[in-house]
Amino acid sequence: KQEVTQIPAALSVPEGENLVLNCSFTDSAIYNLQWFRQDPGKGLTSLLLIQSSQREQTSGRLNASLDKSSGRSTLYIAASQPGDSATYLCAALNTGTASKLTFGTGTRLQVTL
Amino acid sequence: DAGVIQSPRHEVTEMGQEVTLRCKPISGHNSLFWYRQTMMRGLELLIYFNNNVPIDDSGMPEDRFSAKMPNASFSTLKIQPSEPRDSAVYFCASTPNYSNQPQHFGDGTRLSIL
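So the protein lines, in turn, are chains A and B.
If you count the first sequence from 1, position 9 lands on 9 in my numbering, and the numbers rise without skipping.
Convert by adding 1000 to the 1-based position in the second sequence; the result is the number in my numbering.
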């Protein structure tokens, strides 16, 4: 059974800092790895999706990497802004499970002025 | 372009009452998912449909929970009878097809069972 862990559970950084959020998974037989953002009282918004054959994906100031062999993914946020404050969740889609995503418990990010 | 629409946004009801949560997926999306989010257990998949057919309901906690998708633009999640431990935020999500597309989430229904 896939287990997804995110460390740290919470993070506070000053504006402008570059930061890395970590995601680890126990079963490397994944189809893809997805990163989402959740704002308070809202649903999840998809940020990046990395296919199992890819090493990384980039969107603006966000860069996500994937290392299947070690069971790790990272989300890099460059030049953080207060608007980046949210909870970030990663989710693994295993092969053979159709569309069943296994989510981590998230990292709550606070970017301060 | 409208996103996934869920109703109601908030529901407070007494234990034992029937609760019905509603979801309208994005037009053209073939797969629909129901999730439950709690502080203790995080985000859990309850059931998902493809082309209106339930594919996997192994996450449905008990027989008190049931879900239907009578057509491509509407789904319901029903809890009968409701219990305090069912209190959570319930999300609906949709995607154009299986697996390889990001899921689009609604804003959720915050359910409180007293």
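Positions of the beta carbon are idealized from the N, C-alpha and C atoms, including for glycine.
### Task
Check the Cβ of Q34/A against every Cβ in chain B and list those closer than 9 Å, keeping chain order.
Reading the first sequence from its first residue, position 34 is the one you call residue 34/A. For a Cβ distance threshold of 9 Å, residue set P1102, Q1103 of chain B lies close to Q34/A, ordered along the chain.
Which residues in the same chain as F1091/B place their Cβ atom closer than 7 Å to its Cβ, once the five residues preceding and following it in sequence are excluded?
Numbered from its first residue, the second sequence carries residue 1091/B at position 91. The beta carbon of F1091/B sits closer than 7 Å to those of Y1035, Q1037, F1105, G1106, G1108, all from its chain and outside the five residues before and after it, given in chain order.
- Query: Looking at the structure shown, is R1036/B part of a helix, part of a strand, or coil, going by DSSP?
  - Reply: On the second sequence, position 36 is the one that residue 1036/B refers to. DSSP places R1036/B in strand when its eight states are reduced to three.
(request) Let me know if M1015/B comes out buried or exposed under the rule of 16 or more other beta-carbons within 10 Å of its beta-carbon. (result) Numbered from 1 along the second sequence, position 15 holds the residue referred to as residue 1015/B. Counting every other CB atom within 10 Å of its CB across the protein chains shown gives M1015/B a total below 16, marking it as exposed.
Anything in chain B within Cβ reach of T105/A, meaning under 7 Å, just list it in chain order.
The sequence position of residue 105/A within the first sequence is 105, counting from 1. Chain B residues near T105/A: G1042.
Can you have a look at A79/A and say buried or exposed, based on whether 16 or more other CB atoms are within 10 angstroms of its CB? To locate residue 79/A, count along the first sequence from 1; it is residue 79. Looking at its Cβ environment, which holds fewer than 16 other Cβ atoms inside 10 Å, A79/A is exposed.
Residue from L47/A, T107/A, S65/A, Q6/A whose Cα sits closest to the Cα of Q54/A: Residue 54/A sits at position 54 when you count from the first residue of the first sequence. Taking only the C-alpha atoms, the option nearest Q54/A is S65/A.
Grouping DSSP H, G and I as helix and E and B as strand, with all else coil, what is P1061/B? Residue mapping note: residue 1061/B aligns to position 61 of the second sequence, counting from 1. In the structure shown, P1061/B sits in coil (DSSP, three-state: anything other than H, G, I, E or B).
Query raised in the report: How about the region 1077 to 1084 of chain B and the region 1016 to 1034 of chain B: do they share at least three Cβ pairs that are nearer than 8 Å?
Result: Contact holds: three or more Cβ-Cβ distances are below 8 Å.
So what's D39/A in DSSP terms, helix, strand or just coil? In the first sequence, residue 39/A corresponds to position 39, counting from 1. Correct three-state label for D39/A: coil.
message: According to DSSP, is D84/A part of a helix, a strand, or is it coil?
response: Locating residue 84/A in the first sequence gives position 84, counting from the first residue. Correct three-state label for D84/A: helix.
Check: When the distance is taken between beta carbons, is N94/A closer than 8 Å to Q2/A?
Finding: Within the first sequence, numbered from 1, the residue matching residue 2/A stands at position 2. Within the first sequence, numbered from 1, the residue matching residue 94/A stands at position 94. Judged by beta-carbon spacing, N94/A lies within the 8 Å limit of Q2/A, meaning their Cβ atoms are closer than that value.
query = Would you report the Cα separation of A29/A and S70/A, rounded to the nearest angstrom?
reply = In the first sequence, counting from the first residue as 1, residue 29/A sits at position 29. In the first sequence, counting from the first residue as 1, residue 70/A sits at position 70. Answer to the nearest angstrom: the Cα atoms are 11 Å apart.
Check your understanding: Within 7 Å: the Cβ of P1084/B and any heavy atom of the ligand COA?
Key -> The ligand COA is absent from the structure shown, which contains no ligand whatsoever.
When you compare the CB of L1045/B with every CB in chain A, is at least one pair closer than 8 Å? Taking the first residue of the second sequence as position 1, residue 1045/B is located at position 45. Taking CB atoms only, L1045/B has a neighbour in chain A less than 8 Å away.
For L44/A and R37/A, I'd like the C-alpha separation in whole angstroms. Here the question's residue 44/A lines up with position 44 in the first sequence. Here the question's residue 37/A lines up with position 37 in the first sequence. Cα to Cα, L44/A sits roughly 6 Å from R37/A.
So which of R1110/B, G1028/B, P1025/B, D1086/B has the shortest CA-CA distance to D1063/B? The count along the second sequence starts at 1 and reaches residue 1063/B at position 63. The candidate whose alpha carbon is nearest that of D1063/B is D1086/B.
Determine the DSSP secondary structure at P8/A, reduced to helix, strand or coil.
The count along the first sequence starts at 1 and reaches residue 8/A at position 8. Note: P8/A maps to coil in three-state DSSP.
- G43/A versus chain B: which residues are under 7 Å apart at the beta carbon? In the first sequence, the residue the question calls residue 43/A occupies position 43. Within chain B, the residues whose beta carbon sits less than 7 Å from that of G43/A are F1091, F1105, G1106, D1107, G1108, listed in sequence order.
**Study point:** Start and end residues, beta strand (DSSP E) containing V20/A
**Key:** Position 20 of the first sequence holds residue 20/A. Run containing V20/A: 19 to 25, per the beta strand (DSSP E) assignment.
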